[in-house]
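Take a look at the structure below.
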Amino acid sequence: MDVWSTLGYGMGVALTPVNLLFCFMGVLLGTLVGVLPGLGPAAAMALLLPLTFHLPPVSAMILLAGIYYGAMYGGSTTSILLNIPGEAGSIMTCLDGNQMAKQGRAGVALGISAFGSFIGGTITTIILTFTAFPLSKVALEFGPAEYFALMCTGIALLCFLSQGSFLKSLISMCGGLFVGTVGMDIFTGLPRYTFGIPSLYDGINLVVVLMGMFGVTEILTNLDAAKVKQTIITKKVDHLLPDRVDWQRSIKPILRGAALGSFFGMLPGGGTILSTFSSYAVEKKLSKNPESFGKGAIEGVAGPETANNSSSTAGFIPLLTLGIPTNPTVAMLMAALMVLGVQPGPLLIKSHPDIFWGVIMSMYIGNVMLMVLNLPLIGLWVQILKIPYLILFPIILLLCVIGAYSLNNNIIDVYLMIFFGVLGYAMQKEGFALAPFMLAMILEPILEMAFRQALAISGGHFRIFVLSPLAVSLLVVLVAVVIISTISPLMKLLRNALRE
Amino acid sequence: MKRREVLVSILCLCMGIISSYLAYGMGLGELKRPGAGFFPILIGGLLVFLSLLYVFDQSSKKIRDESTSLSWPSRQSLKLVSLVLLILIAYTFSLNYLGFILGSFCLVLFLIKAVGARGWFYAIIASLLIVVPLAIVLWLFKVELPKGVLGF
């Protein structure tokens, strides 16, 4: 099948009434999730996952994907009106978006956010459409050694790009790898770290960990924030359409934001935070009036908002083609695929073309729906923002418990979820990033299998990892990341030692 | 603050040593056919190495670097977090006995009272408005939930 016929096939899947409905529900829920601070898209996906068990996998994935990129649209609303980012990717929008709102230009800020997000999301979906097939073909050339090198490099890159110290991120990664080893070893059938508990023989369910670390941890961290008084911009929000001058100032930041978002979104650890920060920094650097940034510069809203939507869409590229999630939210989508009985990876395009192309095509439709929805429904989102967090958090906790229990009808899963929630809270307080932990846990089974298969193929020789040019290139990147991360603190240590 | 971080680094080191020891007991196999404990012992070894670096890094800091200082929650925050966790654990423990609807009603009620400092009437109404529609949605989606001794 050539690209155009596959596009037609995908559009046929996405345009069925059922899938259109689920796309609409997904983007609506996603926007709602993005509007509500304290509830991220990953937690929302985890909470809704049990409801998708009775749905066809295509519809379930379209729904969950819609939540992900829909949340990026919704996050801008709270940033602009409340000066509180609804999502991590909307942090930069607070700087100029809220200032624009205070100047009576909330409508323009919201409007340019919506248009920028639409353009960015669409551009990246086009990139995804035309790179998915060639990338999947390349991925089929990957053997166990190449896969092992790719995943090690991906995790190292994530640790490098995570907030906090590289050393702590690596320790966090080790924790995640350990949790991933719990259960029966698939090669020998021996139980590992189960301590005689039958519920652990199948390993720790990924969704339980994600719900604990996204849902429960987030609530425990936010409990104080719930007492903070929120000042909502209550003036009537109008003039949603940017004028010619606004478009002239915004179009180049939007295009640059799309490029940055697409690039960083494909990198493990890149994600929305890095792309939006980079976009803001680039726009400020290139601006003729950099002093206007932080005081209501429309470029400071257009660029980052486009970048965050682009990066969320770009995260689907490695997921659908290589089966590698780039951040915990995309990992949640991968978990959903696995729970629905679909193995993500290079064979997905052949084994489940309906899911592959159906989800991609639904993104075009979803982006249009989001642009059409967001502008007229701004009044509704403003009302929803008035719901006190003290009412929201019990609902979220309840949904977490339901989600964990309904996976296997096992109360042990709920206790595990609470345990990981507390662990995540303690880790955050001690400055250990959660993303490396979660990604390492998700990738551990694939990483270990690739490692052991590579050793079996080579007869126990480690040289298999340096024989393949592809594996060597990836390992060079890995070594470079480790060197760059360790040089700076080492230099600091040396300087301090010399001063003494 | 510094003492706490040294303790955390020692804890990571102990975890690395214990997990490596347990992995050794699983059997390492041969290089051409690695056993169940081979990969875990590599992870354990890496964790021990990283933890030693971390212990050294924390111990060698004479003056706390303010730019990296981590704020531990206040006593009041910790009390609140502990209370919420206690309520959540009690709910989980009683779920199979009380059933979903009654158990969840009690959970939401106590959470709102514990955290929100609102009156009982507000808490009861809010709990009903949250739990009843949710139960209906879950029933519509055929989600299996514990029924408890009362049968619902």
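Chains as they are written, first to last, in our numbering: chain D, 9 to 508; chain G, 8 to 159.
Where a beta carbon is used, it is the ideal one built from N, C-alpha and C, also for glycine.
Since we're looking at a predicted model, the values are computed, not measured.
Practice prompt. Using the DSSP secondary-structure output, state which residues sit across from R40 (chain G) in a beta bridge.
Written response: Position 33 of the second sequence holds residue 40 (chain G). Per DSSP, G:E37.
Worksheet item: Any Cβ of chain G within less than 8 Å of the Cβ of K237 (chain D)?
Response: As a first step, residue 237 (chain D) must be located in the first sequence, where it is residue number 229. Bear in mind that a pLDDT of 45 at K237 (chain D), under 50, signals an unreliable position, so the number given afterwards is only what the model happens to contain. Closer than 8 Å: no.
Practice prompt. Using only alpha-carbon positions, find the residue among D:F156, D:N91 and D:S270 that is nearest to A322 (chain D).
Written response: Here residue 322 (chain D) is taken as the residue at index 314 of the first sequence, counted from 1. When each option's Cα is compared against that of A322 (chain D), the closest is D:S270.
Item to complete: Quickly, what does DSSP pair P1 (chain D) with across the bridge? List them, please.
Response: Since the first residue shown for chain D is 9 and the last is 508, residue 1 (chain D) is missing from the structure and cannot be characterised.
Worksheet item: Taking 8 Å as the CB-CB cut-off, is N417 (chain D) touching chain G?
Response: The sequence position of residue 417 (chain D) within the first sequence is 409, counting from 1. Judged by the 8 Å Cβ criterion, N417 (chain D) is in contact with chain G.
Worksheet item: When burial is assigned at 16 or more other CB atoms within 10 Å of the CB, is H360 (chain D) buried or exposed?
Response: To locate residue 360 (chain D), count along the first sequence from 1; it is residue 352. H360 (chain D) is buried by the Cβ-count criterion.
Item to complete: Rounded to whole angstroms, what's the CA-CA distance from S481 (chain D) to A488 (chain D)? Just pull it up for me.
Response: Sequence index remark: in the first sequence, residue 481 (chain D) carries index 473 (1-based). Sequence index remark: in the first sequence, residue 488 (chain D) carries index 480 (1-based). So the alpha carbons of these two residues sit roughly 11 Å apart.
Fill in: R200 (chain D) - DSSP class collapsed to helix/strand/coil
Counting from 1 along the first sequence, the entry for residue 200 (chain D) is found at position 192. Reduced to three states, the DSSP call for R200 (chain D) is strand.
Worksheet item: Does any heavy atom of the ligand SAM sit closer than 7 Å to the C-beta of G204 (chain D)?
Response: Only the bare structure without any ligand can be found here, which leaves the ligand SAM out of the picture.
Discussion item. Considering only the alpha carbon of each residue, which of G:S16, G:A30, G:L18 and G:C21 lies closest to F203 (chain D)?
Written reply: Here residue 203 (chain D) refers to the residue found at position 195 of the first sequence. Residue G:A30 is the option with its Cα nearest to F203 (chain D).
Worksheet item: Are any of the Cβ atoms in chain D nearer than 8 Å to that of P47 (chain G)?
Response: Looking up residue 47 (chain G) in the second sequence gives position 40. With 8 Å as the cut-off, P47 (chain G) counts as an interface residue toward chain D.
Fill in: Cross-strand partners of M192 (chain D) (DSSP beta bridge)
On the first sequence, position 184 is the one that residue 192 (chain D) refers to. According to DSSP, which records beta bridges pairwise, M192 (chain D) is partnered with D:P199.
Discussion item. Does the contact criterion of 3 or more C-beta pairs under 8 Å hold for the stretch 111-130 of chain D versus the stretch 333-346 of chain D?
Written reply: Output reads no: the stretch 333-346 of chain D does not touch the stretch 111-130 of chain D.
Worksheet entry | Beta-carbon contacts of L178 (chain D) that lie in its chain and below 7 Å, excluding the five residues immediately before and after | For the purposes of this step, residue 178 (chain D) is identified with residue 170 of the first sequence, where counting begins at 1. Closer than 7 Å at the Cβ level, and outside the excluded window around L178 (chain D), lie C167.
Item to complete: Find the residues of chain G that neighbour Y423 (chain D), judging by a C-beta separation of less than 7 Å, and give them in chain order.
Response: Along the first sequence, read from residue 1 onward, the residue named residue 423 (chain D) stands at position 415. Simply T99.
Worksheet item: Using 8 Å as the limit for Cβ to Cβ distance, is K39 (chain G) near chain D?
Response: Here the question's residue 39 (chain G) lines up with position 32 in the second sequence. True, the Cβ-Cβ gap to chain D drops below 8 Å.
Worksheet item: Does any residue of chain D bring its CB to less than 8 Å from the CB of C1 (chain G)?
Response: In the structure as shown, chain G begins at 8 and stops at 159. Residue 1 (chain G) is therefore absent and cannot be evaluated.
Worksheet item: Hey, I212 (chain D) and V187 (chain D) are a contact pair by Cβ (cut 8 Å); roughly how many whole angstroms apart?
Response: Position 204 of the first sequence, counted from the first residue, corresponds to residue 212 (chain D). Position 179 of the first sequence, counted from the first residue, corresponds to residue 187 (chain D). With 8 Å as the limit, I212 (chain D) and V187 (chain D) qualify as a contact, their Cβ atoms being about 6 Å apart.
Worksheet item: In the stretch 448-502 of chain D, which residue ranges form an unbroken beta strand (DSSP E) of at least 3 residues, counting only runs that do not cross its ends?
Response: If only complete runs of 3 or more residues are kept, the stretch 448-502 of chain D shows no beta strand (DSSP E) anywhere.
Discussion item. One question on the structure: do P65 (chain D) and I363 (chain D) come within less than 8 Å of each other, judged by their Cβ atoms?
Written reply: As a first step, residue 65 (chain D) is located in the first sequence; it is residue number 57 there, counting from the start. As a first step, residue 363 (chain D) is located in the first sequence; it is residue number 355 there, counting from the start. Against a cut-off of 8 Å, the Cβ pair of I363 (chain D) and P65 (chain D) comes out as a contact.
Practice prompt. Only counting runs of 4 or more residues, tell me where the alpha helix (DSSP H) segments fall wholly within the stretch 268-331 of chain D, in order along the chain.
Written response: Taking only runs of at least 4 residues, the alpha helix (DSSP H) segments lying wholly in the stretch 268-331 of chain D are 279-294, 307-322 and 324-330.
Worksheet item: With 16 as the cutoff for other CB atoms within 10 Å, does N382 (chain D) come out buried or exposed?
Response: Position 374 of the first sequence holds residue 382 (chain D). That one is buried.
Item to complete: Check whether the Cβ atoms of C31 (chain D) and I70 (chain D) sit closer than 8 Å, and answer yes or no.
Response: Within the first sequence, residue 31 (chain D) is the residue found at index 23, counting from 1. Within the first sequence, residue 70 (chain D) is the residue found at index 62, counting from 1. Yes, Cβ-Cβ distance for C31 (chain D) and I70 (chain D) is below 8 Å.
Item to complete: Evaluate contact between the stretch 13-33 of chain G and the stretch 42-52 of chain G, counting only Cβ atoms and requiring at least three cross-stretch pairs below 8 Å.
Response: yes
Worksheet item: What three-state label does DSSP hand D251 (chain D) in the structure shown?
Response: Residue numbering aside, residue 251 (chain D) sits at position 243 when the first sequence is read from its first letter. D251 (chain D) falls in the coil class under three-state DSSP.
Discussion item. For a contact defined as C-beta to C-beta under 7 Å, what are the partners of C511 (chain D) on chain G?
Written reply: For chain D, the structure presents residues 9 to 508; residue 511 (chain D) sits outside this window and is missing.
Discussion item. Please give the ranges of any alpha helix (DSSP H) in the stretch 89-153 of chain D, keeping only runs that are unbroken, at least 4 residues long and fully inside the region.
Written reply: 99-110 and 114-147
Worksheet item: Using CA coordinates, which residue listed in D:L23, D:I332, D:G42 and D:I262 is at the minimum distance from C160 (chain D)?
Response: If you number the first sequence from 1, residue 160 (chain D) lands on position 152. The candidate whose alpha carbon is nearest that of C160 (chain D) is D:I332.
Worksheet item: Got a sec, what are the start and stop residues for the alpha helix (DSSP H) T60 (chain D) sits in?
Response: Here residue 60 (chain D) refers to the residue found at position 52 of the first sequence. Judged by DSSP secondary structure, T60 (chain D) falls outside any alpha helix (DSSP H); it is assigned neither H nor E.
Discussion item. Between the alpha carbons of L147 (chain G) and G411 (chain D), how many angstroms are there, rounded?
Written reply: As a position in the second sequence, residue 147 (chain G) is number 140, starting the count at 1. As a position in the first sequence, residue 411 (chain D) is number 403, starting the count at 1. Spanning the two alpha carbons is a distance of roughly 15 Å.
Fill in: Contact under 8 Å by Cβ, A441 (chain D) with S170 (chain D)
Stepping through the first sequence from its first residue, residue 441 (chain D) is reached at position 433. Stepping through the first sequence from its first residue, residue 170 (chain D) is reached at position 162. Against a cut-off of 8 Å, the Cβ pair of S170 (chain D) and A441 (chain D) comes out as a contact.
Item to complete: Check L23 (chain D) in the structure and name its three-state DSSP category.
Response: Translated into the one-based positions of the first sequence, residue 23 (chain D) becomes position 15. Coil at L23 (chain D), not helix or strand.
Discussion item. Between W510 (chain D) and G34 (chain D), how many whole angstroms is the CB-CB distance? I'm expecting something under 8 Å.
Written reply: Coverage of chain D is limited to positions 9 through 508, which leaves residue 510 (chain D) absent and any answer about it impossible.
Worksheet item: Using Cβ-Cβ distances below 8 Å, what residues of the stretch 187-203 of chain D are close to chain A?
Response: Absent from the structure: chain A. Protein chains present are D and G.
Fill in: Buried or exposed (CB count within 10 angstroms, at least 16 for buried), N91 (chain D)
Residue mapping note: residue 91 (chain D) aligns to position 83 of the first sequence, counting from 1. Its Cβ being crowded by 16 or more others within 10 Å, N91 (chain D) is buried.
Discussion item. Along the chain, where does the alpha helix (DSSP H) containing Q351 (chain D) start, and where does it finish?
Written reply: As a first step, residue 351 (chain D) is located in the first sequence; it is residue number 343 there, counting from the start. Element bounds for Q351 (chain D): n/a, residue is neither H nor E.
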